[in-house]
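*Asks:* Chains as they are written, first to last, in the numbering used here: chain A, 1 to 269; chain B, 1 to 291. Questions regarding the structure given below will be posed in turn.
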Amino acid sequence: MTDTSRPTPYSLAELVITAAAETWRHDGEVMATGIGPLPRLAAALAKTTFNPALQTTDGECFYTASPVPPGPATDTPPVIEGWSPYDRVFSALWGGKRHAMVAPVQMDRFGQTNISVIGDHARPKAAMLGARGFPGNSVHHPNSFFFANHTSRTFVAGEVDFVCSAGYNPARYLNGQPPRGLDLRLIVTDLAVLDFGGPGHAIQVRSLHPGVSFDQVQDNTGFPLHRLEHVATTSAPTAEQLALIRQLDPNNVRRTVFKGDPAGDRRTA
Amino acid sequence: MLDKRMTLDDIVDQLSDGMTIGIGGWATRRKPMALVRALLRSRLKDLTLVSYGGPDVGLLAAAGKLRRLVFAFVSLDHYPLDPHFRAARQEGLDVLELDEGMFHLGLRAAAMRVPFLPTHIGIGTDIIRQPAFRTVRSPYEDGEELVAVPALPLDAALLHVHRADALGNVLTLSPDPFFDELMARAAKRVFVTTEKLVPTPELDMANNARFNLCERALISGVAEAPFGAHPTSATPDYQLDLGHLKTYADSAASPEGWVDYRARFIDVGADHYLDAIGGAGRVAALPKPVY
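Take a look at the structure:
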């Protein structure tokens, strides 16, 4: 689990990729969808290391034998291994054989998320994308999350402005129990790795990124986090993982996610 | 002999104020944009638009054509938030917001002539707190409470295809057919624009059967519109035009910007549109976008 003695320097983006890849470790043969460069690279890392059974797409409608790098295409076109038009994406996800890592705008203490509007739904202060497939995803297959900016504006007090994906909120259950496919896994942010392992699925800090304190995470979260007696430090990427990430991201798109591409170990920053 | 050939304006003449219209394609892919521009030039108003939204939504909203929007997202992909759509939404455009898969079920219900289809989608979210939604209890032993997705019947569906004959036999050659077949089955009448109108044998249907969207009995009219999906893509014929999408998005920055966009690309008319965007050669040479 720990490799913190290793001196190889790594970026925050590389730490996030390595930590996020863990979410697919025990999934077996499912569709791994990572939205945005870091979740996508995390799925790619999981597929090329500990879970080769994962299926990933080219971002359009084909499954590829090996992960497609984000950014401009490389000289060798990917080997196509299957077809994934939108109709089939829905059919597959309703059956549960998918695990997505998505990047919502807001999350609340129930794990409910929002990508639709800021403010009132009828007359929003800021209109965003719309709910997309979030409602269906959230009640049919496992979901994990990435937030590039862990602040109390993203992890909000109360409920998110418009609940696009279901969470562990009994007030919204239809059948007196959580929706049958609801399975929220990991939350990876620029500060920490969190999960839903607290009492009643409360969000807890699973590990702190090197140089980040629990109080710093709590101060940037709009609701109380469950605190474990001992909070681990997020494992640094190994030299092997860093070499693989470089191969999976030849265009170095990961460098553009966090402003200034900061170091992953902020004790040395 | 059956002949369903029409012009873009003939198709517009078949539509009327207050109709519920489905527009095919997905975001920046295979949208019947030449027809959307013809709608903007017409007097039609108070439309309810049902769309997996791309620039069709923002254009119709900016031109004041919409009374209501039924959608799950509006996206220009590389410019994820369409400023024309945002402006309309923030000014209070009436909407029914759906999950993408729920959208599909609503069209399927209309196609099946049933009032709803049951699903788990929406449980636990604000989607089902919109007034359009009801729940339904399973009549079987499980007794489960489910979301009843209301049918989304369309007065007309507008689709863009790659090849068609005069009878309305159609082919969509792009790798993803999206939900155009369901749109067609949910609609009272279906009008298609096509990259190329060809004699039936040239459809080579024996080899292209998997690209045949639906049977011709569903199709009411066919208009030839080369590059008719621009600025969205109609792969393999041509890719989306990122530069033009940026021009379109930037035109929301000021009222003058929109007036200018409208004059250059909408009011110019279908015959001069291709010149306005730099000619057929430029569109045919657009690079494949990076996702």
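We treat Cβ as the ideally placed atom computed from N, Cα and C, and that holds for glycine.
Start and end of the beta strand (DSSP E) containing residue 188 of chain A?
*Replies:* It spans 184–189 - the beta strand (DSSP E) in which residue 188 of chain A sits, taken as one unbroken run.
*Asks:* Are any of the Cβ atoms in chain B nearer than 9 Å to that of residue 252 of chain A?
*Replies:* For residue 252 of chain A, the answer is no, since every Cβ of chain B falls outside 9 Å of its Cβ.
*Asks:* Can you look up residue 17 of chain A in the DSSP assignment and give me helix, strand or coil?
*Replies:* Three-state result, residue 17 of chain A: helix.
*Asks:* Go through the region 78–127 of chain A residue by residue and report every complete run of the beta strand (DSSP E) that reaches 3 residues or more, in order.
*Replies:* List check, beta strand (DSSP E) in window: 80–83, 98–102.
*Asks:* What's the C-alpha gap between residue 114 of chain A and residue 79 of chain B?
*Replies:* Their backbone Cα atoms lie some 19 Å apart in a straight line.
*Asks:* Quick one: Cα of residue 221 of chain B to Cα of residue 192 of chain B, how far?
*Replies:* Rounded to whole angstroms, residue 221 of chain B to residue 192 of chain B spans 6 Å at the Cα level.
*Asks:* Determine the closest residue to residue 13 of chain B out of B/201, B/276, B/286, B/156, with distance taken between C-alpha atoms.
*Replies:* Nearest of B/201, B/276, B/286, B/156 to residue 13 of chain B, Cα basis: B/156.
*Asks:* The beta strand (DSSP E) with residue 246 of chain A in it runs from where to where?
*Replies:* Where residue 246 of chain A is concerned, there is no enclosing beta strand (DSSP E), although the alpha helix (DSSP H) it sits in stretches over 239–248.
*Asks:* With respect to the alpha helix (DSSP H) encompassing residue 143 of chain B, which residues constitute its N-terminal and C-terminal limits?
*Replies:* No alpha helix (DSSP H) holds residue 143 of chain B; DSSP gives it neither H nor E.
*Asks:* Quick one: list the residues of chain B neighbouring residue 175 of chain A, beta-carbon separation under 7 Å, in chain order.
*Replies:* Chain B residues near residue 175 of chain A: 144, 145.
*Asks:* Could you tell me how far apart the beta carbons of residue 48 of chain A and residue 84 of chain A are, in whole angstroms, since I believe they sit closer than 8 Å?
*Replies:* Actually they do not touch by this definition, with Cβ atoms about 19 Å apart.
*Asks:* Tell me, which residues are paired with residue 62 of chain A by DSSP?
*Replies:* According to DSSP, residue 62 of chain A bridges with A/83.
*Asks:* Among B/3, B/36, B/67, B/16, which one has its Cα closest to the Cα of residue 158 of chain B?
*Replies:* For residue 158 of chain B, the nearest C-alpha among the options comes from B/36.
*Asks:* Determine, using beta carbons only, whether residue 149 of chain B and residue 105 of chain B come nearer to each other than 9 Å.
*Replies:* Closer than 9 Å, so yes.
*Asks:* State yes or no: is the beta carbon of residue 78 of chain B nearer than 9 Å to at least one beta carbon in chain A?
*Replies:* Answer no: the Cβ-Cβ gap between residue 78 of chain B and chain A never drops below 9 Å.
*Asks:* At a CB-CB cut-off below 8 Å, which residues of chain E make contact with residue 86 of chain A?
*Replies:* The structure shown contains no chain E; the protein chains it does contain are A and B.
*Asks:* For the alpha helix (DSSP H) containing residue 155 of chain B, list its first residue and its last residue.
*Replies:* Note, residue 155 of chain B: premise wrong, no alpha helix (DSSP H); beta strand (DSSP E) at 154–164.
*Asks:* Does the distance from the C-beta atom of residue 47 of chain B to that of residue 65 of chain B stay below 9 Å?
*Replies:* Result yes, Cβ atoms of residue 47 of chain B and residue 65 of chain B sit closer than 9 Å.
*Asks:* Could one say the Cβ of residue 117 of chain A lies closer than 9 Å to chain B's Cβ atoms, at least one of them?
*Replies:* Residue 117 of chain A counts as touching chain B.
*Asks:* Would you mind stating whether residue 185 of chain A and residue 41 of chain A have Cβ atoms separated by less than 9 Å?
*Replies:* No, the pair does not count as a contact, with Cβ atoms beyond the cut-off.
*Asks:* Does residue 239 of chain B come out as helix, strand or coil in the three-state DSSP assignment?
*Replies:* Residue 239 of chain B: coil per DSSP, three-state reduction.
*Asks:* Can you tell me which of A/263, A/110, A/248 puts its alpha carbon nearest to the alpha carbon of residue 166 of chain A?
*Replies:* When only C-alpha atoms are compared, the closest one is A/110.
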